[in-house]
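Trainee: Using this note's numbering, you'd call the opening residue of the sequence shown number 1215 and step up by one each time. Glycine is no exception: its CB is placed at the ideal position from the N, C-alpha and C atoms. If you're wondering where the values come from, they're calculated on a predicted model, not measured in any experiment.
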Amino acid sequence: MKDFAFKVYLVALVRVRAADESVAPKVVPTVLGAPSTVEIGLANENNAATGRHATITDVDFSIGSVKPFGGKGSELAAHGALMFRPPSRSTR
């Protein structure tokens, strides 16, 4: 097998609920880190199970500036962005 490397440009819309606007952007990088070895292993198992026989060996992330987003998430979806919204937690 051969090794290949790809540089992928990624745009993420991260919604943050905070009491103070100055704190909100500081927590964004905490959810944008590189996947763990367990997560990479799961991705590789999933790829193999679907007939894609290629192994991810490493992922590095570089986080640029965190800027406020004035639009709606649907604007990102219109440009082909995939969106993930975790299930809401019950406050009971």
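Does DSSP classify proline 1239 as helix, strand or coil?
Mentor: In the sequence shown, counting from the first residue as 1, residue 1239 sits at position 25. Residue state, collapsed to three classes: helix.
Trainee: Quick one, which of Lys1221, Pro1282 and Val1273 has its alpha-carbon nearest isoleucine 1254's?
Mentor: By one-based count along the sequence shown, residue 1254 stands at place 40. For isoleucine 1254, the nearest C-alpha among the options comes from Val1273.
Trainee: Counting only the same chain and skipping the five closest in sequence on each side, list residues whose C-beta sits under 6 Å from that of valine 1280.
Mentor: For this step, residue 1280 is matched to residue 66 along the sequence shown. Result list for valine 1280: Pro1239 and Val1242, in chain order.
Trainee: When you compare only the Cα positions, how much space is there between glutamate 1259 and valine 1225?
Mentor: What you label residue 1259 is simply residue 45 of the sequence shown in a count that begins at 1. What you label residue 1225 is simply residue 11 of the sequence shown in a count that begins at 1. Looking at the two C-alpha atoms, the distance is approximately 26 Å.
Trainee: In three-state DSSP terms, what is threonine 1251?
Mentor: In the sequence shown, counting from the first residue as 1, residue 1251 sits at position 37. Helix at threonine 1251.
Trainee: Would you check if the distance between the CB atom of alanine 1257 and the CB atom of isoleucine 1270 is smaller than 8 Å?
Mentor: Working through the sequence shown from its first residue, we reach residue 1257 at position 43. Working through the sequence shown from its first residue, we reach residue 1270 at position 56. In this structure, isoleucine 1270 lies closer than 8 Å to alanine 1257 by Cβ.
Trainee: Check this for me: beta carbons of alanine 1248 and phenylalanine 1220, under 8 Å apart or not?
Mentor: Taking the first residue of the sequence shown as 1, we reach residue 1248 at position 34. Taking the first residue of the sequence shown as 1, we reach residue 1220 at position 6. Cβ distance not < 8 Å, so alanine 1248 and phenylalanine 1220 don't count as in contact.
Trainee: Please determine, among Leu1227, Arg1266 and Thr1264, the residue with the shortest C-alpha to C-alpha distance to phenylalanine 1283.
Mentor: Start at 1 with the first residue of the sequence shown, and residue 1283 comes out as number 69. That would be Leu1227, whose Cα lies nearest to the Cα of phenylalanine 1283.
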